[in-house]
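Written below as structure tokens is the structure these notes are about.
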Amino acid sequence: MGGIALGRAVDSSGLLHELASHIENLVDGMPLFAVLCVFCALILVVCTFISHTVGSLIILPIVSEVGARLPEPHSRLLVMGTALMASGAMGLPVSGFPNMNAIMLEDTLGNPYLTTMDFFKAGVPASVVAYIVIVS
């Protein structure tokens, strides 16, 4: 519930419009592919440290608004690529609900099966591969 409230707050406070205007100025003149790479990298970093749902609720409205303001509007392409990348961010246990469930599993002696470093060693390379696949 907190992520949905945060997403609505970003929209209703005017922060969405302000961020979209600032990002639009940063990507002005860039080709569509470069804009997609920038947004995918942004959501990859954000969703590695917070859940996919919350990251998407915050970032996707900005992506949609910036995409609609491009000279050739491609908001659907940017939103789809960014949403896929949100799912590909898996570097830490906080990245998503399945990761949180996995890190909480313990053996009969109370020792965890996985550590944060296990996620980091497997998740970061997998996230980089996902980034390359999604933007290509």
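With our numbering as the guide, the letters of the sequence shown map in order to residues 118 to 253.
For each residue, glycine too, the CB sits at the ideal point set by N, CA and C.
Note that the coordinates shown come from a computational prediction; the quantities given were computed from them, not determined experimentally.
Residue 189, DSSP secondary structure in three states = coil
message = Are the CB atoms of residue 185 and residue 192 within a distance shorter than 8 Å?
response = yes
request  = Return the bridge partner residues of residue 223 from the DSSP annotation.
outcome  = Partner(s): 229.
query = Grouping DSSP H, G and I as helix and E and B as strand, with all else coil, what is residue 206?
reply = Coil at residue 206, not helix or strand.
Cβ shell of residue 247 (< 6 Å), same chain only, five flanking positions each side left out = 205
ask   = Since residue 138 is in the alpha helix (DSSP H), which residue starts that stretch and which ends it?
value = 132-144
inquiry  = Just to confirm my understanding: we take residue 198, look at its own chain, exclude 5 residues before and 5 after, and list those with CB closer than 8 Å. What are they?
reply    = 153, 156, 157, 251 and 252
task = Under 8 Å Cβ to Cβ from residue 209, same chain only, skipping five residues before and after it: list those, please.
result = Closer than 8 Å at Cβ, skipping near neighbours: 165, 166, 216, 233, 236, 237 and 240.
message = Going by beta-carbon coordinates alone, are residue 168 and residue 196 separated by less than 8 Å?
response = No. Outside cutoff.
key: Contacting residues, own chain, Cβ-Cβ under 7 Å from residue 180 (five flanking each side not counted)   = 156, 195, 196 and 199
For residue 155, the first and last residue of its enclosing alpha helix (DSSP H) = 149-166
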